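A short write-up of the structure that comes next.
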Amino acid sequence: MDVVYVNDDFGRRRSHHDEILDIALDGPQADLVEPVRPDADSLFVVKARHSIFFQTPLEYLLGQLGVGRLVLCGQVTEQCVLHSALDAHIRHVPTVVAPTPWRTSTGTSRTPRCG
Numbered sequence: 001m002d003v004v005y006v007n008d009d010f011g012r013r014r015s016h017h018d019e020i021l022d023i024a025l026d027g028p029q030a031d032l033v034e035p036v037r038p039d040a041d042s043l044f045v046v047k048a049r050h051s052i053f054f055q056t057p058l059e060y061l062l063g064q065l066g067v068g069r070l071v072l073c074g075q076v077t078e079q080c081v082l083h084s085a086l087d088a089h090i091r092h093v094p095t096v097v098a099p100t101p102w103r104t105s106t107g108t109s110r111t112p113r114c115g
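Sequence positions in the sequence shown follow the UniProt record's numbering and run 1 to 115.
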């Protein structure tokens with residue numbers, strides 16, 4: 001399975017992988033970042049808005065990789081994951097939102113239940 005990390009640039013308008021990762025690891029939710037930390041060879045896309053598709057090369061990259069299903073997981077489900085899932089839907093990309101622990105935009109921790 002191909003994993004593509006997509007992260008915002010925290011309004012800094014810089015797209016250097018290591019700098020963005022360092023900011024995330026130094027932030028208040030580093031405990032969510034550390035377990036899924038990308039390595040130097042990971043595919044990495046920088047976004048400026050909520051959706052992973054908005055003005056990014058992700059749609060092209062998914063096509064090049066031959067991705068048939070998108071599995072989304074993220075920290076703020078009601079913002080970035082939601083917008084990304086909706087954008088995937090209008091692009092006819094089959095999408096699943098992974099049932100992983102997440103936090104709301106207000107910082108409340110939650111673990112969704114399936115079934």
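From the three backbone atoms N, C-alpha and C, an ideal C-beta is built for every residue, glycine too.
Please read these numbers as outputs of a predicted model, since none were measured by experiment.
Could you have a look at residue i and say whether DSSP puts it in helix, strand or coil?
i, result
"residue 33", "helix"
"residue 71", "strand"
"residue 97", "strand"
"residue 24", "helix"
"residue 42", "coil"
"residue 81", "helix"
Whose C-alpha, out of the options, is nearest the C-alpha of residue i?
i, options, result
"residue 53", "38, 7 and 29", "7"
"residue 71", "28, 57, 89 and 50", "89"
"residue 41", "79, 2 and 78", "2"
"residue 91", "80, 75 and 68", "68"
"residue 5", "47, 94, 23 and 79", "47"
Could you check the C-alpha separation between residue i and residue j for me, to the nearest Å?
i, j, result
"residue 25", "residue 18", "10 angstroms"
"residue 51", "residue 39", "23 angstroms"
"residue 20", "residue 33", "11 angstroms"
Please name the residue or residues paired with residue i in a DSSP beta bridge.
i, result
"residue 54", "DSSP output for residue 54 lists no bridge partner at all."
"residue 8", "47"
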